[in-house]
Amino acid sequence: MSGAALGLEIVFVFFLALFLLHRYGDFKKQHRLVIIATLLAWYLCFLIVFILPLDVSTTIYNRCKLAVNSSPAESNGSYVTLAPSKQKCFKPWSYIPNGIMPIFWRVVYWTSQFLTWILLPFMQSYARSGGFSITGKIKTALIENAIYYGTYLLIFGAFLIYVAVNPNFNLQWNQLQTIGIAAANTWGLFLLVLLLGYGLVEIPRSHWNGAKRGYLLMKTYFKAAKLMTEKADAEENLEDIMEEVRKVSESIKYNHPLRKYVDTILKKCPTEYQERMGRNMDDYEDFDERQNSYPSEKSLVKLHKQVICSVQRHRRTQVQWQILLEQAFYLEDVAKNETSATRQFVHTFHSQEPENKIIQYFYTPTVEWYWECLLRPWFYRVLAVVLATFSVIVVWSECTFFSTKPVLSLFAVFIQLAEKTYNYIYIEMACFLTIFFLSICVYSTVFRIRVFNYYYLASHHQTDAYSLLFSGMLFCRLTPPLCLNFLGLTHMDATISHKNTQPTAYTSIMGSMRVLSFIADGFYIYYPMLVVILCIATYFSLGTRCLNLLGFQQFMGDSEMTSDLIDEGKELIKREKRKRQRQEEGENRRREWKERYGNRDISTRNRVVHTDQKESSFSETSTNRPLSKYTRSNGRTERDRIELLQDAEPLDFNADSINDDPLELDSGR
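Number 364 in UniProt numbering belongs to position 364 of the sequence shown; there are no gaps in the numbering.
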């Protein structure tokens, strides 16, 4: 089994990252480089989280083997013997041979840092650029990132000059590397604590509120009102942008040098707008070089960027509106079925997507009723209690992990108890659950936050390229300090435990933080205590109240604005429900008509076709009049129309301009 666990987790994490990226991104429409870069960033970050417990168990085994094979006279201060054991150390099932983990962590860490600080910011600007060529997009991305890259180069250059001039400093390359790692981890830890303080409270609370059907329904109505406003704004913005595109398309003719750029912009527009603009095109007109009203290439680049953003936003709001409607209809069905005497779940509308037959066989209406109306609320309550317990343990450990005598961090206590008995399964499970819970709290906050329309992770393939790349940047910057924080909570980091023991392979790659004592002994230890204040602020919804005061409507039960939006959303859902019901009733009537009269219509149609063929052959053989190409029924209609025209009284108009023969008149038409 040596190395097999590492290989299995590498494959599993890859498919996990691919699944999440498929849920949020769009493989068909987005650029392949964007998909590959985001997938690589997510994959590396998830890989660190899943592989780190294996590194911990392997390190504990190496410590055990060192303690058994060494004597106090041979230690000579190099390593301190931990709990000498007379029994033989058992090799863990997931043991990774020496030399593999340092190389693995070095490749993973420096690749993620290259992505987050150099490649992904450049690709963000490249993806949002409205250039029409690769060279133009690269040029725009370099200009936008010049200040970003220049600031880091200036700071690093000033630091190198200071070290070279000051004789008291004698830094080597390894120390400079450690300083760079410490700077990156400090920035990541600053953001990590903010996101962690929000997630530790919001995740248990969201699951607890998930058991309240009335709460979920009211919040769905609130979201419907806000989303309708956003949807209307997106439609209005798209109309304005399409009007500008129409004007540009009409002004720049087919033989203009900039026409190829206009055609590129038109391809990004929705299909209905392309057809509408195509009907109004007068390509036979040449452009006049003397006119000065033609837009420049720079303005077309700006318009191209606006078209991409507006179309993406419009499509996203449309899809989210349909998803929110389905969610609202389902919650209303749950509220109705709670009082059902038959204990069978009845849906108001049938699912538009075909259901799996296996799921349909086991997940019957009776099973669905028991799950949705009885079991699911209690399951959410129990899960919320478990998550809240984990949150309390994390907060306590964050505030006390610096204490080594006595050990107050509960995670360190659990790991040390398992280390005495060398129960590697328990060690790996405890490490995995701990770091997995920390990752869920941090990463879920990244998926929830929204910065206006610049950063927004939307499911069902509605996330734009800029947001995907930005999420990859955040993951790569947050994961290394998250893992260091986890090692500190479990006292596996020598900087925290103050023991001269064999470090983990991950810590050895990070280097000794004692080069910067004020960071190792100050910021890394005392800054995580801020999570207590952030948890209190999140519990009392201080951030939500501040946003509400600033004019950003947030869901608050004691707010009059929230009540108005709930009422508005309820009316919107009712209107959409009536519209859906009318559509289904019309489809049912058409289906019943086909089932009742379908065969009769087919036989009637066959008789009409047979009669038309006979009439057509008879007309071709008997006469060469133009009316012979019509069918029998059409010919009768035309003759009736001619007779009505002959019987009508003449009106007072110029008879010279009208042919007196009605047959010739009709054939002329």
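Glycine is no exception: its CB is placed at the ideal position from the N, C-alpha and C atoms.
Every unbroken alpha helix (DSSP H) within the segment 430–479, with a cutoff of 4 residues, ordered by chain: For secondary structure counted as the alpha helix (DSSP H) over 4 or more consecutive residues, the segment 430–479 holds no complete run.
Taking C-alpha atoms, which residue in Phe-90, Leu-489, Thr-348 and Pro-270 lies nearest to Cys-399? Of Phe-90, Leu-489, Thr-348 and Pro-270, the residue nearest in Cα terms is Leu-489.
Assign Leu-120 to buried or exposed, taking buried as 16 or more other Cβ atoms, counted over all protein chains shown, within 10 Å of its Cβ. Leu-120 counts as buried, since no fewer than 16 other beta carbons sit within 10 angstroms of its beta carbon.
Pairwise C-alpha distance: Val-532 and Leu-200: Approximately 10 angstroms between the Cα atoms of the pair.
Going straight from the alpha carbon of Phe-329 to that of Arg-205, what length do you get? Cα to Cα, the separation comes out at about 24 angstroms.
C-alpha gap between Leu-217 and Gly-569, whole angstroms: Taken atom to atom, the span from the alpha-carbon of Leu-217 to that of Gly-569 is near 10 angstroms.
Where His-498 and Gln-416 are concerned, what is the direct C-alpha to C-alpha distance, given to the nearest angstrom? Distance between the alpha carbons of His-498 and Gln-416 is about 15 angstroms.
Any contact between the segment 223–237 and the segment 317–327? By contact I mean 3 or more CB pairs, one from each, below 8 angstroms. Contact between the segment 223–237 and the segment 317–327 is present, because at least three Cβ pairs lie under 8 angstroms.
Using 8 angstroms as the threshold, is the C-beta distance between Ala-5 and Leu-54 below it? If you check the CB distance, Ala-5 and Leu-54 come in under 8 angstroms.
Please list, in chain order, all residues of the same chain as Phe-470 whose beta carbon is under 6 angstroms from its beta carbon, the five residues on each side excluded. Once the five neighbours on either side are set aside, the close Cβ partners of Phe-470 are Tyr-455.
Is it right to say Met-561 is buried, meaning 16 or more other beta carbons lie within 10 angstroms of its own, or is it exposed? With fewer than 16 Cβ atoms within 10 Å of its Cβ, Met-561 is classed as exposed.
Which same chain residues, not among the five before or five after Met-242, have their C-beta less than 7 angstroms away from its C-beta? So the qualifying residues of the chain are Cys-269 and Tyr-273.
At which residues does the alpha helix (DSSP H) containing His-304 begin and terminate? Per DSSP, the continuous alpha helix (DSSP H) segment holding His-304 begins and ends at 297–337.
Can you find at least 3 beta carbon pairs, one from the segment 260–269 and one from the segment 584–595, that sit closer than 8 angstroms? The segment 260–269 is not in contact with the segment 584–595.
Going by CA-CA distance only, name the one from Ile-10, Tyr-61, Gly-7 and Ile-36 that's closest to Gly-472. Among Ile-10, Tyr-61, Gly-7 and Ile-36, the Cα nearest to that of Gly-472 is on Ile-36.
Would residue 674 and Ala-17 be called neighbours here (beta carbons separated by less than 8 angstroms)? Examination of residue 674 is not possible in this model, given that the chain is present from 1 through 669 alone.
Coil, strand or helix - Thr-178 by DSSP: Three-state result, Thr-178: helix.
Taking the DSSP output, what are the residues bridged to Thr-404? Answer by DSSP bridge pairing, in chain order: Val-407.
Using 8 angstroms as the cut-off, can you tell me whether the segment 338–351 makes contact with the segment 296–310, which would need three or more C-beta pairs spanning the two stretches below that distance? The segment 338–351 makes no contact with the segment 296–310; the number of CB pairs closer than 8 angstroms stays below 3.
Quick one: is Val-386 buried, meaning 16 or more other Cβ sit within 10 Å of its Cβ, or exposed? Counting Cβ neighbours within 10 Å, Val-386 comes out exposed, since fewer than 16 surround it.
Measure from the alpha carbon of Arg-376 to the alpha carbon of each residue in Asn-209, Leu-176 and Cys-441, then state which is nearest. Nearest to Arg-376 by alpha-carbon distance, out of Asn-209, Leu-176 and Cys-441, is Asn-209.
Buried or exposed (CB count within 10 angstroms, at least 16 for buried), Gly-543: Label assigned to Gly-543: exposed.
Nearest to Ala-384 by CA position, among Thr-59, Lys-212 and Tyr-149, is which residue? Per the Cα distances, Lys-212.
Alpha-carbon spacing of Thr-495 relative to Gly-99, whole angstroms: For Thr-495 and Gly-99, the distance between alpha carbons rounds to 23 angstroms.
Expected contact under 8 angstroms - CB spacing of Thr-507 and Leu-487 to nearest Å: Sure, about 6 angstroms apart at Cβ, within 8 angstroms.
For the alpha helix (DSSP H) that Cys-535 lies in, which residues bound it at each end? According to the DSSP assignment, Cys-535 belongs to the alpha helix (DSSP H) that extends over 531–539.
How long is the line joining the alpha carbons of Met-429 and Ile-51, rounded to whole angstroms? Those two C-alpha atoms are separated by around 12 angstroms.
Three-state secondary structure (DSSP) of Thr-389: In this structure, Thr-389 counts as helix in the three-state DSSP scheme.
Quick one: what does DSSP say Lys-614 is sitting in, helix, strand or coil? Unreliable placement is indicated for Lys-614, whose pLDDT of 49 sits below 50; the coordinate value is still reported in the next sentence. Here Lys-614 sits in helix by DSSP.
Compute the distance between the beta-carbons of Ile-10 and Val-108, then report whether it is under 8 angstroms. Against a cut-off of 8 angstroms, the Cβ pair of Val-108 and Ile-10 comes out as no contact.
Reducing DSSP to helix, strand and coil, say where Asp-233 ends up. Correct three-state label for Asp-233: helix.
Just checking, does the segment 177–186 make contact with the segment 473–484 on the three C-beta pairs under 8 angstroms criterion? Yes, they touch.
Would you identify the three-state DSSP class for residue 673, choosing helix, strand or coil? Outside the displayed range of the chain (1 to 669) lies residue 673, so it cannot be described from this structure.
For His-22, does the three-state DSSP call read helix, strand or coil? Under the three-state reduction of DSSP, His-22 is assigned to helix.
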